[in-house]
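All remarks here apply to the structure that follows.
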Ligand code: SF4
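In the numbering used here, the protein residues as written are 27 to 394.
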């Protein structure tokens, strides 16, 4: 098979990138057993370029996969129960689960996954569900179209994204019913569309319950469920992932952090950020040179060297070219490599109009 360009890569349908094919793995319930994590680490080393990304939807991406290495990679991942039966199931199994899930939340997510697969609803590829039913909501800032949450008075509820209120949830079939309602109401003309857009047009389902309060942004450190470990640039490598696998089951988060279940001390491993005030938490950068053949500059070492010069709270994105693979969102400051030096963009993406052009790396600390 050939790689498909687009915004929703999977494992069975990889996406082309500057450094080869990107294969996205969606572990069930957002959780990797130690054997699965060790297997992913082995596969990343054997079939890719060794880079493992944690995505904003709590999935893993293996980079540098080739046409030749894709089939044996899929065979290995299938043996680890990390591959769906077909592309349609993979595309629509778009469920993000709170990393702080208890057994009841895990079971709810598993029932939702089975019901979604059985429904075969023709939902848009980006249409997704969030299972976020702790006493505070931690996925409020993560895109999802249908949310299974706790109400302010502790009841399980279902909320359409874009609505302030939801309704009591007794069975996951109601979540599938809400997705069918979205389609019936014309929420996906031409196969594209999001729930919040439909709600914004004034088309709303009945709702009475207020959701539980949203939690503040997560930061690295100890939690009731285990240790939250931040990954530099949201990326890790086979050695670190294999070492983490030896420490216990891993929950994936949408915050460039892994939750090591039951762990109480920060492991001393390369590429982990333990200090919540470390400015490296606010760095974004793609592979850059020499890993990516399209890169016009080295990115990550430059971003690291600029961390001490970052204004408080600002996010810095260093991109090896205007494609912006490392951070497809706007950043406070973006530096995009060009043949004439770095362009500086404020509040935009790597391809947006720059405020300054052709900056030499030596000038960047002063400019920031
Ligand atoms: S943004 Fe970075 S990784 Fe993507 S193509 Fe450009 S240099 Fe390569």
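Cβ coordinates follow ideal geometry from the N, Cα and C atoms, glycine included.
Enclosing beta strand (DSSP E) for residue i [first to last residue]
i, result
"residue 369", "367-374"
"residue 382", "382-385"
"residue 392", "Residue 392 -> not in any beta strand (DSSP E); alpha helix (DSSP H) instead, spanning 390-393."
"residue 157", "155-158"
"residue 254", "252-257"
"residue 225", "First-last for residue 225: 221-226, but that is the alpha helix (DSSP H), not the beta strand (DSSP E)."
"residue 283", "283-287"
"residue 122", "121-123"
Cβ neighbours of residue i in the same chain (closer than 8 Å, five flanking residues each side left out)
i, result
"residue 147", "118, 202, 205, 206, 209"
"residue 325", "311, 312, 313, 314, 315, 344, 345, 346, 352, 363"
"residue 226", "188"
"residue 384", "364, 366, 367, 368, 369"
Cβ-based neighbour list, residue i, same chain, cut-off 6 Å, excluding 5 preceding and 5 following
i, result
"residue 160", "124, 126"
"residue 391", "335"
"residue 102", "69"
"residue 382", "370"
"residue 55", "123, 132, 135"
"residue 90", "45, 46, 74, 75"
Supposed close pair residue i, residue j - CB separation, criterion 8 Å
i, j, result
"residue 274", "residue 286", "6 Å"
"residue 80", "residue 278", "6 Å"
"residue 250", "residue 282", "Incorrect: roughly 21 Å between the Cβ atoms, too far for contact."
"residue 50", "residue 35", "5 Å"
"residue 198", "residue 137", "5 Å"
"residue 268", "residue 67", "4 Å"
"residue 170", "residue 154", "5 Å"
First and last residue of the uninterrupted alpha helix (DSSP H) at residue i
i, result
"residue 115", "113-118"
"residue 144", "129-145"
"residue 208", "199-210"
"residue 266", "264-271"
"residue 67", "60-73"
DSSP beta-bridge partners of residue i
i, result
"residue 47", "42, 91"
"residue 183", "175, 194"
"residue 163", "240"
"residue 362", "345, 369"
"residue 310", "343"
"residue 261", "79"
"residue 299", "256"
Coarse secondary structure for residue i, derived from DSSP in three states
i, result
"residue 335", "helix"
"residue 343", "strand"
"residue 178", "coil"
"residue 191", "coil"
"residue 315", "coil"
"residue 54", "helix"
"residue 82", "coil"
"residue 247", "strand"
"residue 214", "coil"
"residue 277", "strand"
"residue 235", "strand"
Own chain residues within Cβ distance below 7 Å of residue i, not counting five before or after
i, result
"residue 168", "122, 156, 280"
"residue 29", "Because residue 29 sits at a pLDDT of 45, beneath the cut-off of 50, its placement in the model cannot be relied upon, and the point is left open."
"residue 31", "Note that residue 31 has pLDDT 44, beneath the 50 cutoff, so the model's placement of it is unreliable and the number below is only indicative. Correct list, in chain order: 41, 42."
"residue 98", "73"
"residue 356", "373, 374, 375"
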